[in-house]
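Accompanying notes for the structure given below.
Residue numbers (our numbering): 52 to 250.
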């Protein structure tokens, strides 16, 4: 996270100056604040998933995962809608500066547009850990942050006219791609894990 912050801030300072860096600080705060509830839900589901996986109760594992997935997706879609419709409300929690609010509200919509699918990422990542498959959880985290996001921070500003917003666009592109990768990997690994306990 520290490396990502340094890369974002240095790139934004180069293309957009202090206002762009200030907006990034606000967006990071909104993101951390927003992601606490689904992470809490996922951590609450973890012992239920782990216990039933250890007890070889495949039906309960499936049912718990589906409930977790639905809860996380409903939350992420609801929050995404709120941010898309009222970005100024979220930004104004962190600053009274009108110019910064105007800039950050536009940037937040771009930065947050991939979050509509992020409930899938959280549910899958936590289920990997619950089923004793921590390496897959680490892989999807590394793919999202290092393999996708880091290069995109430097690639995207060169592909669109507004270079500052190009930096912000790196986040949703990395998020959407990571969710697709995670969902594909999870579908294979989850079936394998269930087959193992059913056999």
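Here a beta-carbon is modelled for each residue, glycine too, at the ideal position from N, C-alpha and C.
Report the CB separation of residue 85 from residue 215 in whole angstroms; it is logged as a contact under 8 Å. Rounded, the Cβ-Cβ distance is 22 Å, inconsistent with contact.
My assumption, with CB atoms under 8 Å, is that residue 218 sits in contact with residue 63. Please give the rounded CB distance. 5 Å
How about residue 145 and residue 80: do their beta carbons lie closer than 7 Å? yes
Within 10 angstroms of the Cβ of residue 57, are there 16 or more other Cβ atoms? Answer buried if so, exposed if not. exposed
Grab me the residues of residue 61's own chain with a C-beta within less than 6 Å of its C-beta, minus the 5 sequence neighbours each way, in chain order. Excluding its 5 nearest sequence neighbours in each direction, residue 61 has no C-beta neighbour in its own chain below 6 Å.
With residue 89 and residue 173 assumed to form a contact (beta carbons below 8 Å), what rounded beta-carbon distance in angstroms separates them? 5 Å
Alpha carbons only, please: which of 95, 178, 73 and 204 is nearest the one belonging to residue 150? 73
Cα-Cα separation, residue 224 to residue 122: 23 Å
Residue range of the alpha helix (DSSP H) that residue 222 falls in? 214–249
Return the Cβ separation of residue 240 and residue 179 in integer angstroms, given the expectation that the two are a contact with Cβ distance under 8 Å. 7 Å
By Cβ distance below 7 Å, which residues in the same chain neighbour residue 196 in space, the five residues on each side in sequence not counted? These residues qualify, in order along the chain: 55.
Considering only their Cβ atoms, is the gap separating residue 175 from residue 233 smaller than 7 Å? yes
8 Å contact criterion, which residue 227 and residue 183 should meet: CB distance rounded: Not confirmed; about 28 Å, so no contact.
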